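Encoded as structure tokens, the structure appears first; notes follow it.
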Amino acid sequence: MAADHVDVLIVGAGLSGIGAAVHLGRECPGKTYAVLEARGAIGGTWDLFRYPGIRSDSDMYTLGYSFEPWTDPKAIADGDSIRAYVRRTAREYDVERHIRFHHWALRAEWDSATARWTVHAHRDDTGEDVTLTCGFLFTNSGYYRYDEGYTPRFPGVERYAGTLVHPQHWPDDLDYAGKRVVVIGSGATAVTVVPAMAERAAHVTMLQRSPTYVIALPSRDRFADAARRWLPPKAAYAVVRWKNVTLGVANFQLSRRAPGVVKRFLRRAAKGRLPSGYDVDRHFSPRYDPWDQRLCVVPDGDLFAALSAGRASVVTDTIDTFTEHGIRLASGEELPADVVVTATGLNLLALGGITLTVDGAEVDLASTVAYKGMMLSGVPNFAMTIGYTNASWTLKADLVATYVCRLLHHLDDTGRQIVTPLAPDTDDLEPIIDLKSGYVLRAVDQLPKQGPQAPWRLHQNYPRDVRLMRHGPLTDGVRFDRAGVPATAATTSGGTDA
Ligand SMILES: Cc1cc2nc3c(=O)[nH]c(=O)nc-3n(C[C@H](O)[C@H](O)[C@H](O)COP(=O)(O)OP(=O)(O)OC[C@H]3O[C@@H](n4cnc5c(N)ncnc54)[C@H](O)[C@@H]3O)c2cc1C
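Numbering of the sequence shown is given in full-length UniProt numbering, commencing with residue 1 and proceeding in unit increments.
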């Protein structure tokens, strides 16, 4: 039986996959597409994570889609509202009927002779193996493993008699009211879960090996409230979005150029929200520079408020061992705990774990170079969405989807079927992600590289990318071919062919 065929196959029905499908439907209405989703629901991250307090840490005017105004007054929104927004978008833009749930894409094989991908998926509801073909493969599969969060091996953990929970797998029935809780970690999840659990727990201790930069921001944006009063929703959304983009870029650039100034500012801001005499340097002054890791936002300073009220505390120390009733630290101190939450992070996973082959040869991701942060050298008719590390993910996701639509039009207009990025002629390659967070460092060797300059460099700069991806050339660093030209010809030849 012939496999199902679509022009574009999107993998993932999270924030990015739904956005990609909307762009495709609006900007390339003549193209057929399907969305493969491994889970049984829309929303990805915003459906999976259910820990107390789950929320965005960037503002929704930039985490929302360019085409669908975020109208909720909360600028930093809870997980339920974000999930509802993604689902509503899928419904309103007629994406739902294109989604094939419970389809886990495993392997994709490119064939230059037919200019097609054959994609193999497994259905976890029926147990069937399914094959589809497509002209263009577009992964929107996020950046981490869904089946398992990251937990380091803690000594003595098997002795611990309390409840151990990872935020990625939160039990629906976990009752922590009146209990002593220890949250291990200092990242975005830890700073979210600590004040949320402190509302009902007897006490919550955030146990961190080393501090993170934490900044309090208002959960409601007064400028946005005013813009909504004076302007129609779409115009208000665009104005606030650009205001937030500009502030974000300025903040990032200042952190890179004058890290000392930003460090002092963040320290002073934290100190101002904590009780006098609090050891800010020990608990809130990291050794690294701002934006070497993502800054942690706490809406309305909720973490600082919980610390000031004595409902929560921070301990900066290392774990010697778990005991039967809690955790013993290197300092000798014991933290009794009825519940331990391991907010220790994610396991990075590129392309949702899909293996790619091109004309029979397996693609080694680590030896590819990312083109405009969204295609891979030597891999034809393929794009992936990876959001910004220093700004909202969706800003980049929207640009990638628009760029894919421009490329598809260009192929049609020029009578070609294949587009392949050509690896840059340089050894000056760097990791694709420049963050020094643990979850990045653990996996960076297996990821594609970036080159020294455009179109191989990720500038992590939205205004610059708008110029490059919405209005810039489509023909730099790539080769366009008709079906039948083997991909190896494209990867070894220099120059471009528009
Ligand atoms: C707790 C948390 C909070 C975050 N907060 C923010 C924030 O405030 N701002 C921000 O910019 N970013 C944030 N991020 C990053 C966040 O993941 C992105 O903002 C965004 O949700 C990513 O959307 P996505 O659709 O690309 O990926 P995901 O949300 O991860 O969705 C990917 C989808 O693809 C599916 N999938 C994966 N592999 C396959 C496969 N092989 N076959 C079929 N389907 C597959 C998954 O099941 C999932 O539904 C946060 C991340 C986490 C974990």
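Positions of the beta carbon are idealized from the N, C-alpha and C atoms, including for glycine. Owing to the predicted nature of the structure, the values given are computational and were not obtained by experimental measurement.
Residue of the options minimising C-alpha distance to residue i
i           : options                           : result
residue 503 : Ile54, Val369 and Gly387          : This structure leaves residue 503 out entirely; the chain is present only between 1 and 498.
Val183      : Ala177, Val165 and Asp175         : Val165
Ala361      : Asp4, Glu109 and Asp72            : Glu109
Gln446      : Trp393, Trp291 and Ala350         : Ala350
His410      : Ile432, Ser141 and Arg479         : Arg479
residue 503 : Gly277, Arg268 and Glu68          : The chain is shown from 1 up to 498; residue 503 falls before or after that span and cannot be answered.
Arg78       : Gly25, Val22, Gly277 and Ser219   : Note that residue 78 is Asp in the sequence shown, not Arg. The option with the nearest alpha carbon to Asp78 is Ser219.
Val193      : Ala115, Arg311 and Phe138         : Arg311
Ser313      : Ile327, Gln208, Asp300 and Ile319 : Gln208
Ala366      : Arg416, Ile433 and Lys449         : Lys449
Asn381      : Gln253, Asp476, Phe138 and Pro455 : Phe138
Leu429      : Pro455, Thr414, Gln417 and Ile418 : Pro455
Gly178      : Arg200, Gly162 and Ala196         : Arg200
Arg180      : Ala115, Val341, Leu15 and Asp47   : Val341
Gly477      : Asn461, Arg457 and Asn251         : Arg457
Val440      : Pro286, Thr389, Pro463 and Asp94  : Thr389
Thr131      : Gly248, Ala105, Arg83 and Trp291  : Ala105
Pro421      : Val315, Lys396 and Asp481         : Asp481
Asp172      : Val315, Asp7, Glu27 and Leu48     : Leu48
residue 570 : Lys234, Asp221 and Ala391         : Residue 570 lies beyond the residue range present for the chain, which begins at 1 and ends at 498; the question has no answer from this structure.
Leu303      : Tyr288, Arg116, His103 and Phe284 : Phe284
Ligand 1 heavy atom lying under 7 Å from the CB of residue i
i      : result
Glu37  : yes
Leu217 : no
Val49  : In the sequence as presented, Val is not what sits at residue 49; that position holds Phe. Yes - ligand 1 has a heavy atom lying nearer than 7 Å to the Cβ of Phe49.
His103 : yes
Leu63  : yes
Gly352 : yes
Gly387 : yes
Val419 : no
Asp78  : no
Trp393 : yes
Asn244 : no
Tyr93  : no
Val11  : yes
Tyr439 : no
Trp291 : no
Asp124 : no
Residue(s) in a DSSP beta bridge with residue i
i           : result
Thr133      : His5 and Thr118
Val340      : Leu164 and Val182
Glu362      : Thr357
Ser313      : Thr205
Val214      : Cys296
residue 500 : Absent from the structure is residue 500, since the part of the chain shown begins at 1 and ends at 498.
Thr321      : Arg328
Val478      : Pro421
Leu63       : Beta-bridge pairing links Leu63 to no other residue.
Thr139      : Val11 and Met384
| request: Give a yes or no on contact between the region 385-402 and the region 365-376, applying the rule of three or more CB pairs nearer than 8 Å. | output: yes
| request: Pair every Cβ in the region 93-101 with every Cβ in the region 29-45, then say whether three or more of these pairs are closer than 8 Å. | output: yes
| field | At least 3 beta-carbon pairs within less than 8 Å: the region 458-475 vs the region 341-348 | value | no
| field | Touch test, the region 291-301 against the region 209-217, Cβ-Cβ under 8 Å, three pairs minimum | value | yes
| request: Determine, using beta-carbon pairs with one atom in the region 106-123 and one in the region 42-59, whether at least three such pairs fall under 8 Å. | output: Touching, no.
| said: For the pair the region 236-255 and the region 318-335, tell me if three or more CB-CB distances fall below 8 Å. | reply: no
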